[in-house]
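Down below is the structure, laid out as structure tokens.
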Amino acid sequence: MDGMNHSTVSEFVFLGLTNSWEIQLPLFVFSCLFYLAGMMGNLVIVFTITLDVHLHSPMYFLLANLSVIDMFFCSITAPKMIYDIFKKHKAISFCGCITQIFFTHAVGAAEMVLLITMAFDRYVAICKPLHYLTIMSPRMCLYFLVTSWIVGFIHSLIQLVFVVDLPFCGPNVLDSFYCDLPRLLRLACTNTLELEFMVIVNSGLISVGSFVLLVISYIFILFTVWKHSSGGSYKALSTLSAHIIVVVLFFGPLMFFYTWPSPTSHLDKYLAIFDAFITPFLNPVIYTFRNKEMKMAIKRLCSRLGHYRKIS
């Protein structure tokens, strides 16, 4: 971290999404509604799974942790963006920018590993149902969870250990509403081609590789079910469809950010809104409305809360 003392840039300035009042107001309302709805939806999933004994299984344990990660992920950039919408000078300190990048990559990588774990969980449940509880034991689930966070922090540290020592002497303007690594590297007062290549390898290839791995695993599951049961493939597809939708929503913007040759494209700003607001909101919607057990558990939780209110 000593490298930060050599930088003459003490803050970075965001251009944001727009300076038009006609767009700022609906953008503020949109952002607040989706952020609060996403947080509340994921909190409902966490509390429902925690309090309902019928959902104390490996699949729902992983789902609850996915909701926790989604709440962390959207809280890294969304509150700052909402706070800055009406400000003319949208600034973030150098340390704040580095911190934002660190947690974005750490939590994002942790979610990648968790989504792969959830795919493995569905593989065991569908293809090896008799051994499911043995393979996906509580200890193994905890191991997967801890591993996902360790991988996330290591992934993020590997990138930032080189960035904090870069000299930043100006300009300090980021055409975005949050700090992202490709744009930040372009502001450094030195040649960063090697670091940009490292980012593509470390983030881009990991994103694409994880997505391809997940797609292959889903195809393998469906092929295995179709091979052993003529009518089972439809049921398996119905079970996996929620996971597939979440994977596409999560990996789509990430693969664009870190594999697209020009990080100065304006499209990445709007995809970042999708990643920060829409995906954390859609995840609980997808997993709740497409899951009968979750809907029944929420009804039981609501009736229990209503019963407690009547007693009090």
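For what it's worth, this note's numbering labels the leading residue of the sequence shown as 20, then goes sequentially.
From the three backbone atoms N, C-alpha and C, an ideal C-beta is built for every residue, glycine too.
Small disclaimer: the values here were computed from a predicted structure and weren't measured.
Listed as beta-bridge partners of Lys109 by DSSP are Phe33.
Taken in chain order, the unbroken stretches of alpha helix (DSSP H) that lie wholly in the segment 73-141 and span 4 residues or more are 77-103. For Phe66 and Leu74, the gap between their C-alpha atoms comes out near 11 Å.
Ranked by how close their Cα comes to the Cα of Phe105, the residues Pro45, Pro148, Cys146, Leu70 have Pro45 in first place. Setting aside the 5 residues that flank it on each side, Phe187 is surrounded in the same chain by Ser26, Thr27, Val28, Phe113, Leu206, Ala207, Cys208, each with a C-beta closer than 8 Å to its C-beta; the list follows chain order. Closest in alpha carbon position to Ser260, among Thr307, Val220, Pro299, is Thr307.
Listed as beta-bridge partners of Val192 by DSSP are Val32.
Taking C-beta separations shorter than 7 Å and ignoring five residues to either side along the sequence, the partners of Gly60 in its chain run Phe300, Pro303, Val304, following chain order. With fewer than 16 other beta carbons inside 10 angstroms of its own, Val165 counts as exposed. The straight-line gap separating the alpha-carbon atoms of Ser229 and Ile135 is approximately 7 Å. Judged by DSSP in its simplified three-state form, Asp294 adopts helix. For Tyr162, the enclosing alpha helix (DSSP H) covers residues 157-182. Put simply, of Tyr237, Val227, Ser322, Phe275 the residue whose alpha carbon is nearest the alpha carbon of His262 is Tyr237. Cys198 sits buried, since 16 or more C-beta atoms from the chains shown fall within 10 Å of its C-beta.
Contact between the segment 313-326 and the segment 267-275 is absent, with fewer than three C-beta pairs closer than 8 Å. Residue burial annotation: His174 is buried, with at least 16 other C-beta atoms found within 10 angstroms of its C-beta.
Excluding residues up to 5 positions away in sequence, Ser86, Pro303 lie with their Cβ nearer than 6 Å to the Cβ of Ile64 in the same chain. According to the DSSP assignment, Val48 belongs to the alpha helix (DSSP H) that extends over 40-70.
Taking a C-beta distance under 9 Å as the contact criterion, Val170 and Ala138 do not qualify as a contact pair.
When the five nearest sequence neighbours on each side are left out, the beta carbons in the same chain lying within less than 8 Å of the beta carbon of Ala316 are those of Thr67, Ile68, Asp71, His73, Leu74, in order along the chain. Burial of Ile240 is indicated by the presence of at least 16 other C-beta atoms within 10 angstroms of its C-beta. In this structure, Phe122 and Ile95 form a Cβ contact; the two beta carbons are roughly 5 Å apart against a cut-off of 8 Å. Taking a C-beta distance under 9 Å as the contact criterion, Leu204 and Val182 qualify as a contact pair. Classified as exposed, Arg158 has fewer than 16 neighbouring CB atoms from the shown chains inside 10 Å of its CB. Between Leu36 and Gly325, the alpha-carbon positions lie close to 43 Å from each other.
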